[in-house]
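First residue of the sequence shown? That's 42 in the numbering used here, and the numbers climb one at a time after it.
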Amino acid sequence: MDPITILAALGPLAVDLGKSLINRFVAPDQFKPATIEQYAQMKQIDLEFFKVMNEAGGGNPSYPWVEAIVRLMRPTIGLLVLATWATMHLQGIATPEVDNFASAVGFYLFGERSLFYIKKK
42 MDPITILAAL GPLAVDLGKS LINRFVAPDQ FKPATIEQYA QMKQIDLEFF
92 KVMNEAGGGN PSYPWVEAIV RLMRPTIGLL VLATWATMHL QGIATPEVDN
142 FASAVGFYLF GERSLFYIKK K
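Put into structure tokens, the structure is as follows:
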């Protein structure tokens, strides 16, 4: 296996390990709400955080259709990369560069979001 692919796969784990070590030894304890109002406020902040994460990368377009086109480009580019990877493998002419790029796109599409949702549970 290529070292770049291994680093791409283990990079998020190293980041999470660093964060957990910092949180364990440096950061204070987490806030525990004493009242229902404080708990509701914490959940509202969590909801706002999820909304910001969902809308990230959209920028500030001047027209709504520009935003829609930008959001539609991401899955289209991902499908194009994965289709190119599959076609090259079916023809037997795949190169390590194509494999690395497809693995990076696959991790972005599936791994990063999965890691994000697993951490919140």
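Each residue gets a CB set at the ideal place from its N, CA and C atoms; glycine is no exception.
- Here residue 144 is buried, its C-beta having at least 16 other C-beta atoms within 10 Å.
- If you draw a straight line from the Cα of residue 147 to the Cα of residue 119, it is about 8 Å long.
- Residue 139 and residue 92 have their C-alpha atoms roughly 34 Å apart.
- The DSSP-derived three-state label of residue 122 is helix.
- Taken through DSSP and simplified to helix, strand or coil, residue 46 comes out as helix.
- Between residue 117 and residue 50, the alpha-carbon positions lie close to 23 Å from each other.
- Between residue 151 and the set 131, 133, 123, 56, the nearest pair of CA atoms involves 123.
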